[in-house]
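Q: Structure below; questions to follow.
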Amino acid sequence: MKSDWTSSYLTSHPQLTKHDQTNVHGLQPLTVVRLMEEDNSQILENAHSEFKRKNFKQAEELYTKFISSCLQSRGCDAGNLATAYNNRGQIKYLRVDFHEAVEDYTCAVETDSQFETPFYNRGLIHYRLGFFDDAKSDFQQALKLNPDFEDAKVSLQQTLLDQQHKINRGY
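Numbering-wise, the sequence shown is residues 109 to 279 according to the working numbering.
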């Protein structure tokens, strides 16, 4: 018996033959999984394209669709999923929705702990909010992963400087 998601997926994808739709046992489920992965790749590509064009609302919707699909299928590349979280976080950052942006950056680093960019991005928010210890930690982690990350070096230096000024003022 076909599961609900399989039936729905097969019905919505006319490129599958009648044989594929009626024989979902055997090798056909692999075909369905492969097609779902191709769909996910296309969704992610489209999200990146919209992001580059600064169509942030559309990009955010596509990143959300990609992330949801990945979480349901558990078959996505960790790097792609982390990038989707990071880029969606960037969109939220640009509209000054810092709490949600931090959540996405955190999901990105939990998905791929070797990806320095979301550490840096999360550090920027912590810095802007005056959470200097958290900012320092994030910038240091970004630099640990990529010692040549110039923006992270500058941001860490500024964080340490501002943190010291805050201490000197008695805050």
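Note that beta-carbon positions come from the ideal geometry of N, C-alpha and C, so glycine has one too.
1. Mark Glu218 as exposed unless 16 or more other C-beta atoms lie within 10 angstroms of its C-beta, in which case mark it buried.
2. Please state whether DSSP places Lys244 in a helix, a strand or coil.
3. Inspect the CB distances between the stretch 180-200 and the stretch 222-242 and report whether three or more fall short of 8 Å.
4. Taking just the CA atoms, how far does Tyr171 sit from Glu158?
5. In or out: Asn276 buried (at least 16 other Cβ within 10 Å) or exposed?
6. With a threshold of 8 Å on Cβ separation, who are the neighbours of Asn194 within its own chain once the five nearest residues in sequence on each side are excluded?
7. Does the Cβ of Tyr235 have 16 or more other Cβ atoms within 10 Å, making it buried, or fewer, making it exposed?
8. Pull up the CB-CB distance for Leu264 and Leu251, whole angstroms please, since I reckon it's below 8 Å.
9. Do Lys261 and Phe240 have their CB atoms nearer than 8 Å?
10. Please state if the CB of Ile151 and the CB of Ser177 are separated by a distance shorter than 8 Å.
11. Alpha carbons only, please: which of Gly238, Gly197, Ile175 is nearest the one belonging to Tyr279?
12. Just checking my contact of Tyr201 with Ala192 at CB under 8 Å: how many whole Å lie between their CB atoms?
13. Could you pull the start and end residues of the alpha helix (DSSP H) that Glu174 belongs to?
14. So, is Gly197 buried or exposed, given that buried needs 16 or more other C-beta atoms within 10 angstroms?
A: In short, the structure shows the following:
1. By the Cβ-count criterion, Glu218 is exposed, with fewer than 16 other Cβ atoms from all chains shown falling within 10 Å of its own Cβ.
2. helix
3. By the criterion of at least three beta-carbon pairs nearer than 8 Å, the stretch 180-200 is in contact with the stretch 222-242.
4. 10 Å
5. exposed
6. Counting only Cβ-Cβ distances below 8 Å, and skipping sequence neighbours, we find Asp212, Tyr213, Ala216, Phe223, Thr225, Pro226, Asn229.
7. buried
8. Between Leu264 and Leu251 the beta-carbon gap is near 7 Å, inside 8 Å, which marks them as a contact.
9. no
10. yes
11. Nearest C-alpha to Tyr279: Gly238.
12. For a cut-off of 8 Å, the C-beta gap from Tyr201 to Ala192 is around 15 Å, too long to register as a contact.
13. For the sequence presented, residue 174 should be read as Phe rather than Glu. Per DSSP, Phe174 belongs to the alpha helix (DSSP H) from 164-181.
14. buried
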